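Chains as they are written, first to last, in my numbering: chain A, 440 to 768; chain U, 232 to 573. Here a beta-carbon is modelled for each residue, glycine too, at the ideal position from N, C-alpha and C. Computed from a prediction, not measured in an experiment: that's the story for all the values here.
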Amino acid sequence: MATTTTTVSSAGPATGSRSFISRLRDGDEIARLVTFLFAASVVLVTVLLVYELWRESYLPRHKFGFGFFVTSVWDPIFDKFGALPFIYGTLVTAGVSLFIAVPLGIGAAIFLAELAPARVSDTLQFFIDLLAAVPSVIYGLLGVFVVIPLMRVYIQPGLKHTLGFLPLFQGPAYGVGFLTAGIVLAIMVIPYIISVSREVLLSVPRDQREAALALGSTRWESTWKVVLPFARTGIMGSIFLALARALGETMAVTMVIGNTPTIAASLFSPGYSIAAVIANEFTEATGDLYLQSLIELGLVLFLLTFLLNGFARLLIVLTSQRGSGMGQA
Amino acid sequence: MKRITALLLVAFALGAVAIAEGTLSINGAGATFPYPMYSKWFDEYHKKNSNLQINYQSIGSGGGIKQVTEGTVDFGASDGPMNDEQLKAFQDKHGFPILHFPTVLGADVPSYNIAGVTAELNFTSEAIAGIFLGKVTKWNDPLIADANKGVSLPGNDIVVVHRSDGSGTTYIWTDYLSKVSDEWKNKVGKGTSVNWPVGLGGKGNEGVAGLIKQTPNAFGYVELIYAIQNKMPYGRVKNSSGAFIKADLTGVTGAAAGAAKSMPSDFRVSITDAPGKAAYPISSFTWLLIPSKFSDGAKRDAIKGFVKWMLADGQEQTEALSYAKLPKEVVAMEIKALDSIQ
């Protein structure tokens, strides 16, 4: 500290242009450096994460190679490890959850942002924020005590009765499985979609709506044809936030998915997800190959998230080129 | 500024010395199953010896073996004995062997949920292995029905439930199945997690219990303590002398006593399917893993002192927490084995 002060005083304020030192004294340069370091730490953590996962999964990468992704036997006793059923389970449960959560979430957001009186909207928003903050193990318990019995006794037999001709809804109704996990995940991610989408919709400029109404459109037409397209980028952002949460969710999924590595067309079938198997088996994993295979699963999950995020970016870029209000959110 | 730093440093150093002189701290890690027992023991022992603090992290048996091998903890704990490869890894790294000390016993019980059946069911080893291999699929299969004359069993499909998380409970169960069924031994094997031929996985005893309670026609296994504490119904299992035994703490200690006669000197023994009329067949020891050499004499004496106390007074506290205590023969052998820690 002492040295800095002396240098600054000797440099003096007389120099015309703002030198590095004077900017340092004003704090601009310090702020820039400090915030840059904060931002860089994000990149650093990501790189370190990938590096560690890569380094610690040396054995299975060399032993199984690409076969790790396409084989489906997971046998810690005979040291055979294949990730396919876990990848499948992760994608299917995330897919089911978005299938349910996207229409519900966006519908609710439209109501809250466009149609509901401000007081109702704010009150409901409070509850939605509350839901988003509920720990996932609570959702898991909700799944175990409420969703699973409902599924086994009413929903699965009902689906079998009406849509049973589809391969999606066949087989014994255990209550647990892909569909149950997808539903519990949907309940978990809906608050994210509603919350972010509502904010995005609320930030659509008032003149956009007024212009549409002035042209003679109804309230719904202005919402559907003007406000929603304007907010499309932000809404998609909310969906991908939900997807990321669904892919990585561990506790709630493992409590309701049935924890059996299977690949089956039926959504009634019990399954397994990457995050769930890591959480289940990591603590008791003995043997280097076993442990490292679990770490490679972590790498696979990271890769999946990375690819889907990249895909999301691409989608946003492609759709926003069609002249919607981009960057407004 | 400098003066304050210096003062702080001195104070800190003094404090550290004071702590080092005052209390000796020993760290252990491993199995989760005996954790309630261990934490009570460590607490009780600390009350008697206020200058000794034993810390235990229940990170799982695999983690316990790994950490004690790497030397990051002073002792480990495991629900399954270390295998030869793991023993060799320890020997290679440290230059001396690691020792197993049984502490308490645990057992698995078969639990089920069949509508209309309230009787306690009898299970033969063939029936249990058949169900878990996916070969016995209906409740009225002769393998089950013949052992339960007088109980009307439905023709419904059995829903098998097992643990999804790696656990000592699964180790005991699969160790038993490997002993009674060659097919299981060759196809699946024993371990804390295995490649299950059939069934749904539940996380933890509570997960399995929940699935059994909720799913009609379910069959699965839970830890005896869990079944006792939660008043879950469970069945009798046929032991090697042909008697159907309902698991309780005495039956588990009985199985251990039956096995004590053939106990190897390193205590790495499986007591599933043990001989003896009263022996319950699906039970196991859980072990402390203690290095046979300590560079720190104070630590060595403290650990030896604790194990000695655990084998005497400690054993009296086991039943209050529903753990089965060690048979006398094993206690005597362990006291002898303590001498080999240097």
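**Prompt:** Among A:Glu688, A:Tyr729, A:Glu723 and A:Leu733, which has the Cα closest to the Cα of Thr744 (chain A)?
**Reply:** Locating residue 744 (chain A) in the first sequence gives position 305, counting from the first residue. Nearest option by C-alpha distance: A:Glu688.
**Prompt:** Quick one, which residues of the segment 499-528 of chain A are near chain U if we go by CB-CB under 9 Å, in chain order?
**Reply:** Val512, Trp513, Asp514, Pro515, Ile516, Phe517 and Lys519
**Prompt:** Comparing alpha-carbon positions, which option in U:Asp504, U:Gln445 and U:Ser493 lies nearest Gly697 (chain A)?
**Reply:** Residue 697 (chain A) sits at position 258 when you count from the first residue of the first sequence. Closest option to Gly697 (chain A), Cα to Cα, is U:Gln445.
**Message:** So, for Phe721 (chain A): in the same chain, excluding its five sequence neighbours on each side, which residues have a beta-carbon less than 8 Å away from its beta-carbon?
**Reply:** Here residue 721 (chain A) refers to the residue found at position 282 of the first sequence. For Phe721 (chain A), where only same-chain residues beyond five positions count, the Cβ hits under 8 Å are Leu730 and Leu733.
**Item:** 9 Å Cβ cut-off: residues of chain A touching Asn426 (chain U)
**Value:** As a first step, residue 426 (chain U) must be located in the second sequence, where it is residue number 195. In chain order: Val512, Trp513, Asp514, Pro515, Ile516, Phe517, Lys519 and Pro700.
**Asked** In the structure shown, what three-state DSSP assignment does Ala555 (chain A) receive?
**Response** In the first sequence, the residue the question calls residue 555 (chain A) occupies position 116. Coil at Ala555 (chain A), not helix or strand.
**Item:** Residue burial classification, Thr474 (chain A) (beta-carbon count within 10 angstroms, cutoff 16)
**Value:** On the first sequence, residue 474 (chain A) is found 35 positions in, with the first residue counted as 1. Under this definition Thr474 (chain A) is an exposed residue.
**Prompt:** Can you name the residues that DSSP bridges to Leu431 (chain U)?
**Reply:** For the purposes of this step, residue 431 (chain U) is taken as the residue at position 200 of the second sequence. Paired residues: U:Val392.
**Prompt:** So Gly466 (chain U) packs on Leu352 (chain U), CB below 8 Å; how close in whole Å?
**Reply:** Here residue 466 (chain U) refers to the residue found at position 235 when the second sequence is read from its first residue. Here residue 352 (chain U) refers to the residue found at position 121 when the second sequence is read from its first residue. Yes, Gly466 (chain U) and Leu352 (chain U) are in contact; Cβ-Cβ is about 4 Å, under 8 Å.
**Message:** Can you check whether the C-beta of Gly420 (chain U) is within less than 7 Å of a C-beta belonging to chain A?
**Reply:** As a working note, residue 420 (chain U) is residue 189 in the second sequence. Interface residue, yes.
**Prompt:** When the Cα atoms are used, what is the spatial distance from Tyr452 (chain U) to Ser560 (chain A)?
**Reply:** Position 221 of the second sequence, counting from 1, holds the residue named residue 452 (chain U). Position 121 of the first sequence, counting from 1, holds the residue named residue 560 (chain A). Those two C-alpha atoms are separated by around 49 Å.
**Message:** Counting only C-beta atoms, is Ile572 (chain U) closer than 7 Å to chain A at any point?
**Reply:** Numbered from 1 along the second sequence, position 341 holds the residue referred to as residue 572 (chain U). So no, Ile572 (chain U) is outside the interface.
**Request:** State whether the segment 485-499 of chain U contacts the segment 380-397 of chain U, with contact taken as three or more CB pairs (one from each stretch) at a distance under 8 Å.
**Result:** no
**Asked** What are the boundary residues of the alpha helix (DSSP H) that Thr484 (chain U) is part of?
**Response** Counted from its first residue, the second sequence places residue 484 (chain U) at position 253. Looking at the DSSP string, the run of the alpha helix (DSSP H) that includes Thr484 (chain U) is Leu480 to Ala491.
**N- and C-terminal bounds of the beta strand (DSSP E) containing Phe459 (chain A)** = Here residue 459 (chain A) refers to the residue found at position 20 of the first sequence. Unbroken run through Phe459 (chain A) is the alpha helix (DSSP H), Phe459 to Asp465; no beta strand (DSSP E).
**Request:** To the nearest angstrom, report how far apart Phe707 (chain A) and Gly528 (chain A) are at their CA atoms.
**Result:** Residue 707 (chain A) sits at position 268 when you count from the first residue of the first sequence. Residue 528 (chain A) sits at position 89 when you count from the first residue of the first sequence. C-alpha separation (whole angstroms): 12 Å.
**Asked** Does DSSP put Leu743 (chain A) in a helix, a strand or coil?
**Response** What you label residue 743 (chain A) is simply residue 304 of the first sequence in a count that begins at 1. Helix, per DSSP.
**Asked** Can you tell me whether DSSP reads Phe520 (chain A) as helix, strand or coil?
**Response** Taking the first sequence and counting its residues from 1, one reaches residue 520 (chain A) at position 81. Looking at Phe520 (chain A) - three-state DSSP - the assignment turns out to be strand.
**Item:** Where the segment 615-630 of chain A meets chain U: residues whose CB sits under 8 Å from a CB there
**Value:** Val615
**Message:** I want to know whether the segment 544-554 of chain A touches the segment 576-592 of chain A - three or more CB-CB distances under 8 Å.
**Reply:** no
**Asked** By a C-beta neighbour count over all protein chains shown, 10 Å radius and 16 as the cutoff for buried, is Leu686 (chain A) buried or exposed?
**Response** Here residue 686 (chain A) refers to the residue found at position 247 when the first sequence is read from its first residue. The residue is buried, with at least 16 neighbouring Cβ atoms inside 10 Å.
**Message:** Suppose the cutoff is 7 Å on Cβ atoms and the five residues either side in sequence are ignored; what does the same chain contact list for Phe525 (chain A) look like?
**Reply:** To locate residue 525 (chain A), count along the first sequence from 1; it is residue 86. So the qualifying residues of the chain are Pro700, Tyr711, Ser712, Ile713, Val716 and Leu736.
**Prompt:** Residues bridged to Ser309 (chain U) by DSSP?
**Reply:** Stepping through the second sequence from its first residue, residue 309 (chain U) is reached at position 78. DSSP output for Ser309 (chain U) lists U:Trp518 as bridge partner(s).
**Prompt:** What number of angstroms, rounded off, separates the C-alpha of Asp323 (chain U) from the C-alpha of Ala260 (chain U)?
**Reply:** Taking the first residue of the second sequence as 1, we reach residue 323 (chain U) at position 92. Taking the first residue of the second sequence as 1, we reach residue 260 (chain U) at position 29. Looking at the two C-alpha atoms, the distance is approximately 21 Å.
**Asked** Starting from Glu454 (chain U) and walking both ways along the beta strand (DSSP E), at which residues does that stretch end?
**Response** Position 223 of the second sequence, counted from the start, is the residue given in the question as residue 454 (chain U). Note, Glu454 (chain U): beta strand (DSSP E), Ala449 to Glu454.
**Asked** Given that a residue counts as buried once 16 or more other Cβ atoms are within 10 Å of its Cβ, and exposed if not, what is Val756 (chain A)?
**Response** Translated into positions along the first sequence, residue 756 (chain A) becomes position 317. Exposed, because fewer than 16 other Cβ atoms sit within 10 Å of the Cβ of Val756 (chain A).
**Message:** Does any residue of chain U have a CB that is nearer than 7 Å to the CB of Gly676 (chain A)?
**Reply:** By 1-based counting over the first sequence, the position of residue 676 (chain A) is 237. No, because no Cβ of chain U sits closer than 7 Å to the Cβ of Gly676 (chain A).
**Prompt:** Excluding the five sequence neighbours on either side, which residues of its own chain have a C-beta within less than 7 Å of the C-beta of Thr693 (chain A), listed in chain order?
**Reply:** Against the first sequence, residue 693 (chain A) aligns to sequence position 254. Only Ala715, Ala718 and Asn719 meet the Cβ criterion.
**Message:** For Thr672 (chain A), report the span of its alpha helix (DSSP H) as first-last.
**Reply:** On the first sequence, residue 672 (chain A) is found 233 positions in, with the first residue counted as 1. Run containing Thr672 (chain A): Arg671 to Gly687, per the alpha helix (DSSP H) assignment.
**With 16 other Cβ atoms within 10 Å as the buried cut-off, status of Trp427 (chain U)** = Against the second sequence, residue 427 (chain U) aligns to sequence position 196. When all chains shown are included, Trp427 (chain U) counts as buried.
**Message:** Assuming the contact rule is C-beta atoms closer than 8 Å, Lys535 (chain U) and Leu569 (chain U) should be a hit. Round their C-beta distance to whole Å, please.
**Reply:** Counted from its first residue, the second sequence places residue 535 (chain U) at position 304. Counted from its first residue, the second sequence places residue 569 (chain U) at position 338. Between Leu569 (chain U) and Lys535 (chain U) the Cβ distance is about 6 Å, and since that is below 8 Å, they are a contact.
**Prompt:** When the cut-off is 7 Å and only beta carbons count, does Thr725 (chain A) lie next to chain U?
**Reply:** The residue labelled residue 725 (chain A) in the question sits at position 286 within the first sequence. Interface residue (Cβ-Cβ distance to chain U less than 7 Å): Thr725 (chain A) is classified as such.
**Request:** Run the CB neighbour count on Val481 (chain A), radius 10 Å, all protein chains shown included, and call it buried at 16 or more, exposed below.
**Result:** Position 42 of the first sequence holds residue 481 (chain A). The residue in question, Val481 (chain A), is exposed, as its Cβ has fewer than 16 Cβ neighbours within 10 Å.
**Message:** Three Cβ pairs or more, each shorter than 8 Å: is that satisfied between the segment 649-656 of chain A and the segment 557-572 of chain A?
**Reply:** With a cut-off of 8 Å, the segment 557-572 of chain A and the segment 649-656 of chain A do not count as touching, because too few Cβ pairs lie within range.
**Prompt:** Can you name, in chain order, every residue of its own chain whose Cβ lies under 8 Å from the Cβ of Ser281 (chain U), other than the five neighbours on each side?
**Reply:** As a first step, residue 281 (chain U) is located in the second sequence; it is residue number 50 there, counting from the start. The residues are Thr254.
**Prompt:** Quick one: what does DSSP say Gly441 (chain U) is sitting in, helix, strand or coil?
**Reply:** Counting from 1 along the second sequence, the entry for residue 441 (chain U) is found at position 210. The answer is helix: DSSP assigns Gly441 (chain U) an H, G or I state.
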